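K.L.:
Note that the protein sequences, when read in sequence, are chains A, B and C.
For reference, each letter of the first sequence is one residue, going 1 to 153 in my numbering.
For reference, each letter of the second sequence is one residue, going 1001 to 1153 in my numbering.
For reference, each letter of the third sequence is one residue, going 2001 to 2153 in my numbering.
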Amino acid sequence: MPTELLVRPEPVRTDAEFGGLYAQVQQFYAHQMQLFDLHEAERWAATFTEDAVFSVPTLDAPVRGRAGLVANVRRNAAQQERSGEQLRHWIGMLDVRPGRDGELLTRAYALVYVTPRGGASRLLRVCVMEDVLVRVRGKWRTRHRLVTRDDLA
Amino acid sequence: MPTELLVRPEPVRTDAEFGGLYAQVQQFYAHQMQLFDLHEAERWAATFTEDAVFSVPTLDAPVRGRAGLVANVRRNAAQQERSGEQLRHWIGMLDVRPGRDGELLTRAYALVYVTPRGGASRLLRVCVMEDVLVRVRGKWRTRHRLVTRDDLA
Amino acid sequence: MPTELLVRPEPVRTDAEFGGLYAQVQQFYAHQMQLFDLHEAERWAATFTEDAVFSVPTLDAPVRGRAGLVANVRRNAAQQERSGEQLRHWIGMLDVRPGRDGELLTRAYALVYVTPRGGASRLLRVCVMEDVLVRVRGKWRTRHRLVTRDDLA
């Protein structure tokens, strides 16, 4: 059970400040997921910090650093080129909490949809995504990501 | 037809104030749904008012008050423990309107996804959710919820 | 590839202003899609500008102007009345960028769910939706919409 859901620090922001923060994080994920699905490898990797750790059950070991992230997207792109499938990654039910030193801790649901060329779209996967976000030169970046899959839970 | 969609009072807030309000409601639902799917019965029930009324087609009669809400989550938890299924509740297309006396009236779509352990995820249900929210000691709470299912419409 | 994703002007707004803007666009789409699914033809068409252009792959040619938009919803309503199916349109992964002269350019994912009366809900379609939004008398309106379907890509 994610214990961080159970103890929640009191909010320290005004409503409007929280609104700005929450919208930025939503915009950040929208852009990050669109770049991923477009196979924009370098631009997607640039939404992570240089030393980011990315842990997903479909990879044998966590990916560390941007070069590994880029390679991961290129493998996906090549595979989807062969299969003719378009993936779409959706984030929802986005819970945003303040962390230490200006970090943000997010916990969200993630869905993956797949559409074969000329075929019927279908739900591929239901996941939970937990991120540590940091602000680097005014822009949010993912420092750490842990994805768990409901089917492997 | 939900007539409240048809007559909409003029907005009385600044853009930034509306942004803060809308983000709070999104954050509220994200947290509420995550607690529900984690079977955190008491914490989930605490996101409703003491006298909340919860009306869903899967129950014979509306649930009234937190004790009934807690019991409902415990029944779900026991049933999913037996079946080995993980449910995920998503809220989207969130329409937020001011009501009387500082209440908020929301109308949103709700999806339920289910994943059997080791099996394929699938869409279980498409619903419409209409809430009356009130602010209690600075936190939004659901006072009244009406859920309708598209398959039973 | 949508080249507009690749060159992004620097943000010119404060966090709270961006929060207000982003929330308004989310609220706009929630309301617009709910009106569409309720077959509220005139009210839905009024969320577009008078001279709006609406381009979707399910129509032979782009629809121009509100009368055409109204007719389109009425055709959908009649068809769903016969088939007994309820459609739900979801927007997600909403990317919002400033355009020229106060316009907003959005790129989002769109899902369509369908539920037959008494039957099982299912995912019908995965799309990408690109809008040009303008503010008319304080309210956002769609001036141009381009929808692409993943299965026809």
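By construction, the Cβ of each residue, glycine as well, lies at the ideal position given by its N, Cα and C atoms.
Here the structure is a predicted model, which means the values were calculated and not measured.
Given a cut-off of 7 Å, decide if residue 2031 of chain C and residue 2077 of chain C are closer than it, judged by their beta-carbon atoms.
P.N.:
Their beta carbons are not under 7 Å apart, which means residue 2077 of chain C does not touch residue 2031 of chain C by this criterion.
K.L.:
Can you find a heavy atom of the ligand SAM that lies under 6 Å from the Cβ of residue 18 of chain A?
P.N.:
Questions concerning the ligand SAM fall outside what the structure shown contains, since it holds no ligand whatsoever.
K.L.:
Residue 2172 of chain C and residue 2108 of chain C: beta carbons closer than 7 Å?
P.N.:
In the structure displayed, chain C extends from 2001 to 2153; residue 2172 of chain C sits before or after that span and is not available.
K.L.:
From residue 1055 of chain B to residue 41 of chain A, what distance separates their C-alpha atoms?
P.N.:
For residue 1055 of chain B and residue 41 of chain A, the distance between alpha carbons rounds to 47 Å.
K.L.:
Suppose contacts are defined by Cβ-Cβ distances below 7 Å. Is residue 2080 of chain C in contact with residue 2115 of chain C by that definition?
P.N.:
In this structure, residue 2115 of chain C does not lie closer than 7 Å to residue 2080 of chain C by Cβ.
K.L.:
Determine, for residue 1110 of chain B, whether the minimum Cβ-Cβ distance to residues of chain C falls below 7 Å.
P.N.:
It does not: the Cβ of residue 1110 of chain B has no partner Cβ on chain C nearer than 7 Å.
K.L.:
Would you say residue 2033 of chain C faces chain A, with C-beta separation under 7 Å as the test?
P.N.:
Closer than 7 Å: no.
K.L.:
Touch check for the segment 56 to 69 of chain A and the segment 1054 to 1070 of chain B: three-plus C-beta pairs under 8 Å?
P.N.:
With a cut-off of 8 Å, the segment 1054 to 1070 of chain B and the segment 56 to 69 of chain A do not count as touching, because too few Cβ pairs lie within range.
K.L.:
Determine, using beta carbons only, whether residue 2049 of chain C and residue 2141 of chain C come nearer to each other than 7 Å.
P.N.:
Closer than 7 Å, so yes.
K.L.:
Residue 146 of chain A lies in the beta strand (DSSP E); which residues open and close that run?
P.N.:
Unbroken beta strand (DSSP E) run through residue 146 of chain A: 139 to 149.
K.L.:
Of all the options A/151, A/28, A/33, A/121, which has the alpha carbon lying nearest to the alpha carbon of residue 2152 of chain C?
P.N.:
Of the candidates A/151, A/28, A/33, A/121, the one whose C-alpha sits nearest the C-alpha of residue 2152 of chain C is A/121.
K.L.:
Does the beta carbon of residue 2056 of chain C come closer than 7 Å to any beta carbon on chain A?
P.N.:
By this cut-off, residue 2056 of chain C is not an interface position.
K.L.:
Near residue 2099 of chain C, what residues of its chain come up, given a Cβ to Cβ distance below 6 Å and the 5 sequence neighbours on each side ignored?
P.N.:
Around residue 2099 of chain C: 2105.
K.L.:
State the DSSP-derived secondary structure class of residue 31 of chain A, mapped to helix, strand or coil.
P.N.:
Here residue 31 of chain A sits in helix by DSSP.
K.L.:
Do we get a CB-CB distance below 7 Å when we pair residue 2080 of chain C with the residues of chain B?
P.N.:
Not one chain B Cβ lies under 7 Å of residue 2080 of chain C.
K.L.:
By DSSP's criteria, residue 1054 of chain B is part of a beta bridge. Which residues make up the other side?
P.N.:
According to DSSP, residue 1054 of chain B bridges with B/1063, B/1145.
K.L.:
Helix, strand or coil, according to DSSP, for residue 103 of chain A in the structure here?
P.N.:
The answer is coil: DSSP assigns residue 103 of chain A none of H, G, I, E or B.
K.L.:
Take residue 2117 of chain C and list the residues in its own chain whose beta-carbon comes closer than 7 Å to its own, dropping the five residues that flank it on each side.
P.N.:
Hits under 7 Å: 2084.
K.L.:
Can you tell me where the beta strand (DSSP E) holding residue 1974 of chain C begins and where it ends?
P.N.:
Past the edges of chain C, shown from 2001 to 2153, lies residue 1974 of chain C, and the structure says nothing about it.
K.L.:
Looking at the secondary structure, which residues open and close the beta strand (DSSP E) in which residue 2117 of chain C lies?
P.N.:
Counting along the chain, residue 2117 of chain C falls outside any beta strand (DSSP E), and DSSP gives it neither H nor E.
K.L.:
Less than 7 Å between the beta carbons of residue 33 of chain A and residue 89 of chain A, yes or no?
P.N.:
Yes, the Cβ-Cβ distance between residue 33 of chain A and residue 89 of chain A is below 7 Å.
K.L.:
Can you give me the start and stop residues for the alpha helix (DSSP H) that residue 1042 of chain B sits inside?
P.N.:
Here the alpha helix (DSSP H) through residue 1042 of chain B covers 1041 to 1045.
K.L.:
Within 7 Å of any Cβ in chain C, is that where the Cβ of residue 83 of chain A sits?
P.N.:
By this cut-off, residue 83 of chain A is not an interface position.
K.L.:
How big is the Cα-Cα spacing for residue 11 of chain A and residue 97 of chain A?
P.N.:
Its pLDDT being 47, under 50, residue 11 of chain A is placed unreliably in this model, and the value from its coordinates should be taken loosely. Distance between the alpha carbons of residue 11 of chain A and residue 97 of chain A is about 9 Å.
K.L.:
What does residue 123 of chain A reach in chain B if we use C-beta pairs closer than 8 Å?
P.N.:
Per Cβ cutoff of 8 Å: 1113, 1121, 1122, 1123.
K.L.:
Note down, in chain order, every chain A residue with its Cβ under 7 Å from the Cβ of residue 2018 of chain C.
P.N.:
Those are 20, 23, 24, listed as they occur along chain A.
K.L.:
I need the boundaries of the beta strand (DSSP E) containing residue 2084 of chain C, first residue and last residue.
P.N.:
Premise fails: residue 2084 of chain C is in no beta strand (DSSP E) and is neither H nor E.
K.L.:
Can you find a C-beta in chain A that's less than 7 Å from the C-beta of residue 2126 of chain C?
P.N.:
It does; some Cβ of chain A falls within 7 Å.
K.L.:
Residue 20 of chain A to residue 2082 of chain C, Cα distance in whole Å?
P.N.:
Computed Cα separation, rounded: 45 Å.
K.L.:
Taking just the CA atoms, how far does residue 2127 of chain C sit from residue 119 of chain A?
P.N.:
If you take the alpha carbons of residue 119 of chain A and residue 2127 of chain C, they lie about 13 Å apart.
K.L.:
Do we get a CB-CB distance below 7 Å when we pair residue 1045 of chain B with the residues of chain A?
P.N.:
Not closer than 7 Å to any Cβ of chain A, the Cβ of residue 1045 of chain B fails to qualify, so no.
K.L.:
Is DSSP giving residue 1071 of chain B helix, strand or coil here?
P.N.:
DSSP places residue 1071 of chain B in helix when its eight states are reduced to three.
K.L.:
Whole angstroms is fine: what's the gap from residue 139 of chain A's alpha carbon to residue 2067 of chain C's?
P.N.:
Taking the straight line from one Cα to the other gives about 43 Å.
K.L.:
Measuring CA to CA, which of C/2132, C/2113, C/2074 is closest to residue 2101 of chain C?
P.N.:
Checking every option, the nearest Cα to that of residue 2101 of chain C belongs to C/2132.
K.L.:
Within its chain, find whatever has a CB closer than 7 Å to the CB of residue 2022 of chain C; leave out the 5 residues flanking it on each side and keep chain order.
P.N.:
Same-chain partners within the cutoff: 2096.
K.L.:
Which bits of chain B does residue 107 of chain A rub up against, with CB to CB less than 7 Å?
P.N.:
The contacting residues are 1034.
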